[in-house]
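Taking it in order: structure first as structure tokens, then the write-up.
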Amino acid sequence: MKLILAIVHNDDSYTVNTKLSEAGFFVTKISSTGGFLMSGNTTLLIGVADERVEACIALIGQYCKKRVQPMPENLIHSSSDHPTVSGQVSVGGATIFVLNVEKFCHV
Ligand code: 2BA
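Residues in the sequence shown are numbered from 10 upward in steps of one, following the numbering used here.
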């Protein structure tokens with residue numbers, strides 16, 4: 010079993026969550042904040058059987074858009090090695106981590 014952590018844009022979270030649930034995935038939704046833009050995003054925790062990991066990732070990718078957002082003023086000159094265009098930054102679709110699960114149980 011794996012635990013998928015998916016960080017998604019707030020505007021995509023309702024649709025992604027709904028589509029995952031409809032496809033039989035179990036999802037926990039957590040409100041989170043991006044450390045760079047300091048704006049709200051959503052982290053989804055999804056416990057999933059190994060053989061469904063790729064299907065889950067594909068579904069998330071299908072409903073998460075790439076967006077261009079303005080960077081905070083104080084960060085425009087401090088960022089060197091990440092692609093920015095005139096104070097804007099590309100965000101998303103989704104940032105996904107897949108972790109091994111040592112144990113899973115309901116008690
Ligand atoms: P934020 O940290 O608010 O980052 C928003 C976007 O700003 C990022 O989009 C990226 O394009 C840019 N960015 C982030 N850190 C940067 C830096 N140090 N210098 C220049 N630009 C930077 P995404 O990569 O699509 O990330 C969207 C959100 O996913 C992030 O929001 C953060 O909450 C999460 N995230 C992304 N990579 C992560 C990682 N390696 N570990 C933990 N969380 C991550």
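Using N, Cα and C, we set each Cβ at its ideal position, and we do this for glycine too. From a predicted model like this one, the values you see are computed outputs, not experimental measurements.
With a threshold of 7 Å (Cβ to nearest heavy atom), would Ile-16 be considered close to the ligand 2BA? The answer is yes for Ile-16.
If you draw a straight line from the alpha carbon of Lys-28 to that of Leu-53, how long is it in whole angstroms? In a straight line, the C-alpha of Lys-28 is about 13 Å away from that of Leu-53.
At a cut-off of 7 Å, is Thr-104 close to the ligand 2BA when judged by its beta-carbon and the heavy atoms of the ligand? Flag set: Cβ of Thr-104 near the ligand 2BA.
By alpha-carbon positions, which one of Cys-73, Ala-64 and Thr-51 ends up nearest to Gly-102? Comparing Cα-Cα distances from Gly-102 to each of Cys-73, Ala-64 and Thr-51, the minimum goes to Cys-73.
Check: Leu-12 C-beta below 7 Å from any heavy atom of the ligand 2BA: No.
Would a C-beta distance cut-off of 8 Å place Gln-25 and Ile-69 closer than the cut-off? The sequence shown places Val at residue 25, not Gln. The Cβ-Cβ distance between Val-25 and Ile-69 falls below 8 Å.
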